[in-house]
Amino acid sequence: MKQIIILLFFNSIFAAGGDHQYPTYSLLHAIPFVGILLSIAIIPLINHHFWEHNFGKISLFWSLSFIVPFYLLVHSFSTVLEVLLHTLTFEYIPFIFLLLALFTVSGGICLKGSLVGTPILNLMLLILGTFLASWMGTTGAAMLLIRPLLRANKWRINKVHIIVFFIFLVANIGGSLTPLGDPPLFLGFLKGINFFWTTKYMFLPMVYVSLILLALFYFIDSYYYKKETNKPTETTDLKTIEVTGKINFLFLLAVICSVLLSGFWDPQYPVHIYGHVYMELQNIVRDILLLIITFLSVKFTSAEVRSQNGFTWFPITEVAKLFIGIFITIIPVLSILSQDGGALQWIKDLCYNDMMYFWVTGLLSAFLDNAPTYLVFFDVAGGNPDILMNKLSSTLLAISSGAVFMGAFTYIGNAPNFMVRAIAEENGVKMPSFFGFMAWSFLILGLTFMTYSLIFLM
């Protein structure tokens, strides 16, 4: 889950909390965003050791590559500070606090027992994770199950495909059924979409796509399983399965309640931050609660449980450092995309039917932030929740499924993708490169989504 609250940043970046106008961005301001994406894709291929020790500095470099020219353009420290604070308070802080809470809480739950990575067991874990993702968020479900899945398959030589399909299903597509599952759907909920509209209309698409991917996974995993020469003699014994760190299930429920609180409670009390930047009280309360829950999870979960779970702070550290650069450098891209008649208007003009809404929203979500991308095309489709839920329900389905499903296309499409990859590599799995993962996703997901769009969106 990328983030749970993003106010209409790209609609308000020119008037954050008032009528204060900021200069219009040009496409040249998007160069740092392209730069950080290419850095993520290319540098690890050239020198992985350098990347591991310097990704934070690289993120800072590209952030400054936007901030410094922007300051030279506006000649106003106050304006630059307002733009950055808007991004931090409405986007990055809620995003990273939520991820931190889910990462810490889920990492404190250890599933132990005799688990042997056979095609049947792996399939069962993927099905379980796909189901849980809509109710505890893609990040929560992914962090809960990725370590047991890795331990079960530690003996296998051929296991990269297992993690790839885990990212497809648990870290993305499984979050389709409720606003709790993925940030775009929660933003739709905040815009007036009924909580269970998503469950009703996304159920069949999610089941269709998931069944195809699960069937493909089973056949691929069975093929690689047969190639393994040193199969373990023991088998999975469900009676030996033990869950430790159970108190974290209560903390997980508290995270969910904190998120829902910011959606249902609206005291209409904006808190002044700086200049024309304000934060709603319910969002501040949510973020404080998430930090408290994180602290309680660390305090009441024994170090032994986290050690048995192979828990480290590196994955969340990597996400925190890289995504602050992404959030900062993406500012001009989203602003240009939101403008009527702007330099990227041609992209929105491509949305002349539901199928195009699905593909345009989805492909942009794979490389941009899927939550604000969802809101851009929500507004392109009219922005009226009553009309979208009824007369234009197929259009809303196309936008929703595009934003959620295609987060699986790239490592940066959804934050859990990055964390799953980092945890897998910590456990000795040589994951595909940025472009290598895209080859997997465009081959498998591309064909699957083509059939989905032909069946459900024609």
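First residue of the sequence shown: 0, per numbering that gives the first Met the number 0; consecutive thereafter. Cβ atoms here follow ideal geometry from the backbone N, Cα and C, with glycine treated the same way.
Where residue i falls: helix, strand or coil (DSSP)
i, result
"P240", "Sequence inspection shows Ile at residue 240; the Pro mentioned does not correspond to that position. I240 falls in the strand class under three-state DSSP."
"P371", "helix"
"M278", "strand"
"I166", "helix"
"M430", "coil"
"R285", "helix"
"C256", "helix"
"Y24", "coil"
"K390", "coil"
"I329", "coil"
"F310", "coil"
"M405", "helix"
"A342", "coil"
"S296", "helix"
"L212", "helix"
"N229", "coil"
"M449", "helix"
"Y356", "helix"
"Y217", "helix"
"R458", "Lying outside 0 to 457, the shown extent of the chain, residue 458 is not represented and no answer is given."
"W439", "helix"
"S364", "helix"
Opposing strand residues paired with residue i [DSSP bridges]
i, result
"S113", "D236"
"P147", "DSSP, once it has assigned bridges, lists no residue as partnering P147."
"P269", "E279"
Cβ neighbours of residue i in the same chain (closer than 6 Å, five flanking residues each side left out)
i, result
"P314", "M418, A421 and I422"
"W57", "Rather than Trp, the amino acid found at residue 57 in this sequence is Ile. These residues qualify, in order along the chain: S38."
"T472", "With the chain covering 0 to 457 only, the question about residue 472 has no answer from this structure."
"L149", "N426"
"T293", "L99, A100 and T103"
"H28", "P331"
"A140", "G128, L131, A132 and V169"
"F448", "none"
Cβ-Cβ separation, residue j to residue i (assumed contact under 8 Å), whole Å
i, j, result
"I411", "F441", "With 8 Å as the limit, I411 and F441 do not qualify as a contact, their Cβ atoms being about 15 Å apart."
"V159", "M430", "6 Å"
"L288", "S257", "4 Å"
"G187", "S399", "7 Å"
"I346", "T86", "In fact, because the Cβ distance is near 22 Å, the residues do not count as touching under 8 Å."
"S113", "E233", "6 Å"
"V318", "G107", "18 Å between Cβ atoms; not a contact."
"K320", "F54", "6 Å"
"P118", "Y217", "6 Å"
"L26", "A342", "5 Å"
"A214", "G173", "Not confirmed; about 16 Å, so no contact."
"L456", "S393", "7 Å"
Neighbourhood of residue i by C-beta distance below 8 Å, restricted to the same chain and skipping five residues each side
i, result
"L391", "A380 and G381"
"N413", "M0, K1, T137, A170, N171, D181, N369, G406 and A407"
"L80", "Y273 and G274"
"Q344", "Q338"
"Q307", "C109, K111 and T243"
"P269", "G16, Y277, M278, E279 and L280"
"A40", "S432, F433 and F434"
"T88", "I272, V276 and M278"
"E424", "M430"
Sequence-distant residues of the same chain with beta carbon closer than 7 Å to residue i, five excluded per side
i, result
"W439", "V163 and P431"
"V115", "A151, P231, E233, T234 and T235"
"D18", "Low confidence applies here, because D18 scores a pLDDT of 38, under 50, leaving its location unreliable; read the following figure in that light. For D18, where only same-chain residues beyond five positions count, there are no Cβ hits under 7 Å."
"R155", "G116 and E227"
"L259", "none"
"W196", "M388"
"S11", "Low local confidence applies: a pLDDT of 37 at S11 is under 50, so the model's placement there is unreliable, with the coordinate-based value given in what follows. There are no such residues."
"Y224", "T117 and P118"
"E51", "none"
"S480", "With the chain covering only 0 through 457, there is no way to say anything about residue 480."
"L290", "F96"
Any non-hydrogen atom of the ligand NAP closer than 6 Å to residue i Cβ
i, result
"V242", "Inclusion of the ligand NAP in the displayed structure is not the case, the ligand content being empty and no account of it being possible."
Report the residue ranges of all beta strand (DSSP E) runs contained in full by the stretch 41-67; include only those spanning at least 3 residues, in chain order.
none
Which runs of the alpha helix (DSSP H) spanning at least 4 residues fall entirely within the stretch 170-206, listed in chain order?
182-189
With a floor of 4 residues, list each alpha helix (DSSP H) that falls wholly inside the stretch 84-114, ordered by position along the chain.
92-106
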